[in-house]
Structure formats: C-alpha cells, structure tokens
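I have placed the structure first, in the form of structure tokens, so that the comments after it can refer back to it.
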Amino acid sequence: MSDYTELDKKQDMNILHSMGYAQELERRMSSFSNFAVSFSIICILSGGINSLAQATAGAGGAAIGIGWPLGCFISLVFAVAMAQISSAYPTAGGLYHWGSILGNRFTGWLTAWFNLLGLVTVLGAINVGTYYFFMGSFGTSYLGLVDTTFVRIVFLIIITGAQALVNHMGIGLTAKLTDFSGYLIFATAIALAAVCLIAAPSYEFGRLFTFSNYSGETGGNVWPATSATWVFLLGLLLPIYTITGYDASAHTSEETVKAAHSVPRGMISSVLWSALFGYIMLCSFVLMLPSMDEAAKQGWNVFFWAMDSQVNPIVKDLLYLAIFISQWLCGLATVTSVSRMIFAFSRDGGLPASKALSKVSPKHRTPVAAIWTGSILAVLFVWGSSLVSIGETPVYTIVVSCTVIFLFFSFAIPITLGLFAWGTSKWDKMGPWNLGEAMFKLFAVLSIIAMVLIFVLGIQPPNDWALYITVGFLVVTGVVWYGFEKRRFKGPPIGEEVAKRQAEIAAAEKAVGEA
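Residue numbers (the working numbering): 962 to 1476.
This is the structure:
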C-alpha cells in the first residue's frame, strides 16, 4: 500500500473523528482486501455448492441458467444502494450507524439487532455447511466419521476456534488469508468449471433454459409439491442465499485505506464477480449432469453424486480440498464481519457487557472480546438449536431460513431511510462515490420491492415456521426496546455529542499508539 500517503491517512481519520470515533482499529486493508473479505463471505464454493439442490431439485436447469442471474441482480440492487450510503459514512458496523444517522436511535438499534442476529446465525450456518461438505468429501469415506450432534459440535468448535484465533492475531494476518481466499475462489471455480465441461457427456445448452418441476418426491422432497412457477421462484433462494455477506466491506471500513472510495467498490465488485464466476461454475455443473431427472432425485446429495459418477477420483479429491479450504476461509471472514458489528454496537452501549466487548487490544489492534463472543455464540446457536425440533424439522433448519430474512431486513432499513433522508439535514453531504439522487432512489425502491419478495419466498414450506419466528423476534424486540432500551440507549454520537467526545477520541487513540 505504498500509495497510501500520510495525507490519505489523515483524511480517513478526520472522517472517523467527524462521526465521533477514534482510530482504534488498524488500517491495514487495501482496496483489494476490502473486496476480498466480502468475496470470501459470499464464497460461491460454499453457498453455491451446499445449497445447489434448491435449484436442481426445483425448476431444474432453468433455475441456474435463468434463475441465477435474476437472483444475483436482486442482491446487486441492495449492494448498489448500500454502496452509496457507505461512501458517506465509512464506519465499522456500518449498517447500525446508517440506520441511526438517517433515522433515529430506534431504527439504528433495530438495524443492529437484525444484522447481528443474522451474522451470528449465518456464521453457524456457514460452518455447518463446511462440516457437511467435509463429511461428504473426506469425513465418511476416508475417516469413517458418523454424523452425530457430538461430532458436528466438536468439528464446529475446532474450525470456529481456529477462525477466531486468526482474527485475534490481527487484521494483517486476516487480510492476507482473505486475499488468498479471493484468488483461491477464482481459481477453484474456474478449475471446477473446466473439469465439469471436460467430463460432460454432451453440451446440451438448452437444458440451462428448460423449465421443469421437480418439487415433491421427484426432487428428493427438497421442496414440497407445488406449481412450476412457485418452484422456480423458490429456486431464486440459491443465488439470494449465496450472494450475501457483502456488508463485510462496510463492517471493516475503519481498517480499510481510503475507505470512502474502497468500501463501495468492494461491495459492488464482490457481488458482480461472484455472480459471474458462480454462473460459469454452476452452468458447467448442469451441463456435466448425465440426466436432469436423475440429478433431481438425489436431492441435497446432488453435488457429490455428480462428482462421484463423472469425475476422476484424484481430480475430484483435489477439488474437494480446495473447496473445503475456501469454505473455512469463508467462515474466517464471517468472524471478522460479526466481530466488527459487535464492537461497533458495543462502543455505543448497545449490548450487555458493552465496555468489555468494545475494548481493542493494544497489541493486536483487534476487538478480541467481540471476536471470541461472536464465535462462541455461533457454536452455541448450532448446538442448542440442533437439540430441539418443531414437528420433524430441527429448530436449527428453521432459524437458518430466517437468517437471510434478518440480514436483508437489516440492509433494507437504512436504504429505506436513505430514500427519504436524501437532501435533508440528516443526509445533506454525499461521499465521493455518488450515484446521484435519481439513481440512488431507483435502487432504493428496487431494494424495498426485493425485500418483500425475499420475505415471501423465505417463509414458504418447508420453511413456513420462519414466519412465526420472524414475527416473534419482532415482538420480543419491541418489548426489549420499550421496556429497557428506549430510556437507556443513546445511540451513536450525533451533532454536538461529537464535539464532546474529542477528549475521549484522543485518549482512545493514544491507548493503541495511534496518536
């Protein structure tokens, strides 16, 4: 980062000071690193593979050929709208601040809770996906492991603990690994696509645009029997579930050089590159399938079934190893994201034990308590929810279906507030990355429409209990806010409060050796 001058550093710090915060975290992330942390969380080799059956056991080839780009566009509209706001307010835990500054204390607090809940549960879900990929690729066949709750939790403790330890050691090491992850995902996706095309029995490109209805038993009961239109729409959850987590670019704003420029670019480019390489990889996979009907019957096992039947064992295992490493790095980047959200919310007193959670290690310049707390909560979530079922469905499966609803809702709140705050005293100064009023408002409206679609799709069977959990969480949130937080929580410093914190800012920066 030889092009990062003292003037650039001063400008980054001045922007942070203007919002009432000290430069406690260390700016070690380049523009590429900011892109890579979001690209690593999106990780087309994680969601794109582990959730593949939502497409192949739904509308078939068209769910990839047509559904993937459509679902990616839905994610893109959120990323574009968020990019506009992130350029104006480049802080850690960005969404929480946007919700507060563009709205009020309550909207900021609500945004933070939805985003935090989504991040903790998605960290658990990502590492559970890594566990099942490991079991399907190496664990059962090579190590003789049997899937039990005990094995699953021990595996999660080991990999999540390793991810937390790397984050603990500093953003420099984390950034190096997520940079590597970015290159690894690119290379592995292309390698997997090439292997699939070489192994393909023929190139039936028409199957990518052929609509089928594999709902019910013909698709391994991934989706209950429903209409062809609905099963195609439900298949959009594959790209929507996969292309998320790009808010990590905003969460690491205070560790990114030239953040007002780098963060919005990081968010948008991570979505675009994931969409493109994911499309190439998944279309190649569909072309490799010997039969769409047989593939649909495999249900959730479709990826391993196809690889076992079509790909050379040595080549297959090498690809599996690269995919497994990529999935672990995906979890590593997610720990970074969730810890920065906990840190940012805590420094304004938004969580229990906020004083400890907002503390930054002078040695490593990382929010150590926030890192380990987020990681432990993710493991506890998986463990606790795996032990309880509603009917025949584990609570874990139901809550994970709520995760994307919570995350996108946390995206939609500040975007909606920005739609009405543009040009007012709440938002009268734009950042250097500026779409212009008309374009931003267009993407804001599209985001609201997309949020409605995501919510409707997210509560369909077999995830219909997600509706009750979401409503229940809203009720609990209302009780907590009006019963406790409304009188206590002050929110981020705004207006005169910023000037009052100048002494605290100087003390905090001195404590970590920044000033």
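For each residue, glycine too, the CB sits at the ideal point set by N, CA and C.
Out of A1305, G1133, S1001, state which residue places its alpha-carbon closest to the alpha-carbon of K1324. For K1324, the closest C-alpha among the options A1305, G1133, S1001 is that of G1133.
Could you name the residues that DSSP lists as bridge partners for I1217? It should be pointed out that residue 1217 corresponds to Thr in this sequence rather than to Ile. Paired residue(s): M990.
Residues near T1139 in its chain [Cβ-Cβ closer than 6 angstroms; skip 5 each side]: A997, V998, S1001, A1294
Between the region 1330–1341 and the region 1049–1062, are three or more C-beta pairs nearer than 8 angstroms? Touching, no.
Close beta carbons around A1154, own chain, < 7 angstroms, minus the five adjacent residues each side: Within the same chain, A1154 has close Cβ partners I1241, M1242, S1245.
Our contact map puts T1327 next to G1131 with C-beta atoms below 8 angstroms; I'd like the distance itself, whole angstroms only. 6 angstroms
Environment of Y1443 [buried if 16+ CB atoms lie within 10 Å]: With a threshold of 16 other beta carbon atoms within 10 Å, Y1443 falls short and is exposed.
So, G1021 versus F1172, is the Cβ gap smaller than 8 angstroms? yes
Residue of N1174, I1003, S1319 minimising C-alpha distance to V1232: I1003
Measuring straight from C-alpha to C-alpha, what distance separates S1176 and A1373? 31 angstroms
State yes or no: is the C-beta of A1018 within less than 8 angstroms of the C-beta of V1263? yes
What span of residues does the alpha helix (DSSP H) with C1291 cover, start to end? 1274–1307
If we count the other Cβ atoms within 10 Å of its Cβ and call it buried at 16 or more, is P1313 buried or exposed? exposed
For my contact list, W1221 and S1048 are in at a C-beta cut-off of 8 angstroms; report their separation, rounded to the angstrom. Note that residue 1221 is Ala in the sequence shown here, rather than Trp. That belief holds up - the Cβ atoms of A1221 and S1048 are roughly 5 angstroms apart, short of 8 angstroms.
Give the DSSP bridge partners of W1383, in chain order. W1388
Could you check if Q1463 is buried or exposed, using at least 16 other CB atoms within 10 Å of its CB as the buried criterion? exposed
A1257 versus S1270: straight-line alpha-carbon distance, rounded: Looking at the two C-alpha atoms, the distance is approximately 15 angstroms.
Return helix, strand or coil for I954, following the three-state DSSP convention. Because the chain is modelled from 962 through 1476, residue 954 falls outside the range shown and cannot be assessed.
With a threshold of 7 angstroms (Cβ to nearest heavy atom), would A1152 be considered close to the ligand NAP? This structure lacks the ligand NAP; in fact it carries no ligand of any kind.
Given L1378, which residues of its chain have a CB within under 7 angstroms of its CB, disregarding the five upstream and five downstream residues? G1060, L1063, G1064, T1068
Among residues of its own chain, excluding the 5 on either side of A1283, which ones have a beta-carbon nearer than 7 angstroms to its beta-carbon? L1145, T1149
State the start and end residues of the unbroken alpha helix (DSSP H) segment that holds L968. 967–979
From L1013, K971, D1309, G1122, residue whose alpha carbon lies closest to that of T1297: G1122
In angstroms with no decimal places, state the Cα-to-Cα distance between W1191 and T1385. Approximately 41 angstroms, taken between the alpha carbons.
Can you say whether D1309 is buried or exposed, counting buried as having 16 or more other CB atoms within 10 angstroms of its CB? buried
Determine the contact status of F1445 and F1075, defining contact as a CB-CB distance below 8 angstroms. no
Could you pull out every residue in the same chain whose Cβ sits closer than 7 angstroms to the Cβ of A1136, ignoring the five residues on either side in sequence? R989, M990, S994
Do three or more CB pairs link the region 969–982 to the region 1105–1122 at distances below 8 angstroms? no
If I follow the unbroken alpha helix (DSSP H) through R1113, where does it start and stop? Run containing R1113: 1110–1129, per the alpha helix (DSSP H) assignment.
What is the DSSP secondary structure of L1396, counted as helix, strand or coil? coil
Could you have a look at W1442 and say whether DSSP puts it in helix, strand or coil? helix
D1208: buried (16+ other C-beta within 10 angstroms of its C-beta) or exposed? Per the 10 Å Cβ criterion, buried.
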